[in-house]
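Here is the structure we will look at, set down as structure tokens.
There are 2 protein chains.
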Amino acid sequence: MSDLLERLRGRGWRMTSQRRVVAEVLDGEHVHLTADEVHARAARRLPEISRATVYNTLGELVSLGEVVEVSTDGRAKRYDPNAHRPHQHLVCSGCGTIRDVHATGDPLADLPAEERFGFTVSGVEVTYRGLCPACA
Amino acid sequence: MSDLLERLRGRGWRMTSQRRVVAEVLDGEHVHLTADEVHARAARRLPEISRATVYNTLGELVSLGEVVEVSTDGRAKRYDPNAHRPHQHLVCSGCGTIRDVHATGDPLADLPAEERFGFTVSGVEVTYRGLCPACA
DNA sequence: TCCTACGATGGACATGGTCCAAGTCAAGAA
DNA sequence: TTCTTGACTTGGACCATGTCCATCGTAGGA
Numbered sequence: 001m002s003d004l005l006e007r008l009r010g011r012g013w014r015m016t017s018q019r020r021v022v023a024e025v026l027d028g029e030h031v032h033l034t035a036d037e038v039h040a041r042a043a044r045r046l047p048e049i050s051r052a053t054v055y056n057t058l059g060e061l062v063s064l065g066e067v068v069e070v071s072t073d074g075r076a077k078r079y080d081p082n083a084h085r086p087h088q089h090l091v092c093s094g095c096g097t098i099r100d101v102h103a104t105g106d107p108l109a110d111l112p113a114e115e116r117f118g119f120t121v122s123g124v125e126v127t128y129r130g131l132c133p134a135c136a
Numbered sequence: 001m002s003d004l005l006e007r008l009r010g011r012g013w014r015m016t017s018q019r020r021v022v023a024e025v026l027d028g029e030h031v032h033l034t035a036d037e038v039h040a041r042a043a044r045r046l047p048e049i050s051r052a053t054v055y056n057t058l059g060e061l062v063s064l065g066e067v068v069e070v071s072t073d074g075r076a077k078r079y080d081p082n083a084h085r086p087h088q089h090l091v092c093s094g095c096g097t098i099r100d101v102h103a104t105g106d107p108l109a110d111l112p113a114e115e116r117f118g119f120t121v122s123g124v125e126v127t128y129r130g131l132c133p134a135c136a
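If you're matching them up, the sequences are chains S and B in order.
Numbered by the UniProt record's numbering, the letters in the first sequence go through residues 1 to 136 in order.
Numbered by the UniProt record's numbering, the letters in the second sequence go through residues 1 to 136 in order.
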């Protein structure tokens, strides 16, 4: 993701300081932040950045496929900057922590045509649930 | 799920008309309703039922394992009464419809021990995404 | 350097969900 | 059957997350 800024500029984006800071916050993190967490971290470097701008920028990064939105609990969505490497999520039912994991197998191949009901299937998300060592 | 009321009574639940109506609404539906949809349908038969009671009852049914909460889009959670038969969900990115599907394979077996990071893994959710025939 | 359209701002608004004090009632006791 | 009591319900306030919009600011091309 380190060349994210270049890719965005290449797509005709106007590069503002706000967008740069949001992208850098995501880039530096290996956890999956909520929009408010992104806003809080961005505001440490750019105190006047508004929530609306963070939401807008995150939404744009999602529609460009640079980050993935994950909503595992019906509360705040989280943003996963690791969009270019397929992976699954392991969520702790105790504390809500999300870890990226890599499973074998291809769930898309496990859905036979007669179970697709005419849908054009484009992707699949796999979420494992359990308790982390600290919560167990 | 037709013996749900018996099971709940067996667990010491006080059987109120509100709980009965909520359970019957879920029982009669094959789609995955939101809490507000459950409330609306329950209110057709019990006009004074409150939102809080519907939320409470749904939460209790979830913690008893009688229904499953699904949050596929970060908006309203949906309630899946088909909790006793393992299945996956096929979600239309256009209109949000959710269909139950049955894939082959066992995703739990696809997560090797070294990718579990000490978690006690208890379950897995698989969500396929795509466009339904009407939206394609 | 100047223009201008695109982006940022912040505050109002929308939606989904939770909390709580007070009133109600299911079901066991007598 | 009636009584009793604590679990359940109610409705409205409140909270968290997210969206909208009118106005202002500025990146980047001319």
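Where a beta carbon is used, it is the ideal one built from N, C-alpha and C, also for glycine.
The structure presented is a predicted model; accordingly, all values stated were derived computationally and were not measured.
{"Asked": "Inter-residue CB distance, V124(S) and V126(B) (contact presumed, cutoff 8 Å)", "Found": "6 Å"}
{"Asked": "Beta-carbon proximity of C135(B) to G94(B), cut-off 8 Å", "Found": "yes"}
{"Asked": "Stretch-stretch touch, CB-based, cutoff 8 Å, three pairs: the segment 105 to 113 of chain S with the segment 101 to 112 of chain B", "Found": "yes"}
{"Asked": "Distance between Y128(B) and T120(S) (C-alpha atoms, nearest Å)", "Found": "10 Å"}
{"Asked": "Neighbour flag for C55(S) against chain B, beta carbons, 8 Å", "Found": "Looking at the sequence shown, residue 55(S) is not Cys but Tyr. So, not an interface residue."}
{"Asked": "Cβ contact check for the segment 62 to 81 of chain B and the segment 64 to 84 of chain S: 3 or more pairs under 8 Å", "Found": "yes"}
{"Asked": "Span separating the alpha-carbon of M1(S) from that of P81(S)", "Found": "At M1(S), the pLDDT of 47 sits below 50, so the modelled position is not reliable; the number obtained from the coordinates is stated separately. Spanning the two alpha carbons is a distance of roughly 8 Å."}
{"Asked": "Straight-line gap, I49(B) to A35(B) (C-alpha atoms, nearest Å)", "Found": "13 Å"}
{"Asked": "Minimum length 4: unbroken alpha helix (DSSP H) runs contained in the segment 19 to 82 of chain S", "Found": "35 to 45 and 51 to 63"}
{"Asked": "Within chain B, the residues that D73(S) reaches when beta carbons sit closer than 8 Å", "Found": "S71"}
{"Asked": "Between the CA atoms of H89(S) and P86(B) - distance to the nearest angstrom", "Found": "19 Å"}
{"Asked": "Where L90(B) sits in the DSSP three-state scheme", "Found": "strand"}
{"Asked": "is_contact[G118(B), chain S] using C-beta, thresh 8 Å", "Found": "yes"}
{"Asked": "Burial state of A52(S), where buried means 16 or more other Cβ atoms lie within 10 Å", "Found": "exposed"}
{"Asked": "Chain S contact for H39(B) (CB, 8 Å cutoff)", "Found": "no"}
{"Asked": "C-alpha distance - M15(S) paired with A23(S), whole-angstrom precision", "Found": "11 Å"}
{"Asked": "Interface positions of the segment 88 to 99 of chain S facing chain B (Cβ-Cβ less than 8 Å), listed along the chain", "Found": "Q88, L90, C92, S93 and R99"}
{"Asked": "R20(B) and L5(B) closer than 8 Å at C-beta", "Found": "yes"}
{"Asked": "Chain S contact for D36(B) (CB, 8 Å cutoff)", "Found": "no"}
{"Asked": "Contacts of L131(B) in chain S (Cβ-Cβ under 7 Å)", "Found": "F119 and T120"}
{"Asked": "Residue interval of the alpha helix (DSSP H) (run including E115(B))", "Found": "E115(B) -> no alpha helix (DSSP H), and no H or E assigned at all."}
{"Asked": "Chain S contact for G123(B) (CB, 8 Å cutoff)", "Found": "yes"}
{"Asked": "Sequence-distant residues of its chain with Cβ nearer than 6 Å to L108(B) (five each side left out)", "Found": "V124"}
{"Asked": "Three-state secondary structure assigned by DSSP to D110(B)", "Found": "helix"}
{"Asked": "Proximity below 8 Å, CB of P83(B) to CB of V67(B)", "Found": "Before going further, note that residue 83(B) is Ala rather than Pro in the sequence given. It is a contact, given that the beta carbons lie within the stated cut-off."}
{"Asked": "Under 8 Å between C-beta atoms of H39(S) and V62(S)", "Found": "no"}
{"Asked": "Backbone CA spacing between D27(S) and R9(B) [nearest angstrom]", "Found": "52 Å"}
{"Asked": "Boundaries of the beta strand (DSSP E) in which G130(B) is found, first to last residue", "Found": "T120 to L131"}
{"Asked": "Beta-bridge partners of R99(S), as assigned by DSSP", "Found": "L90(S)"}
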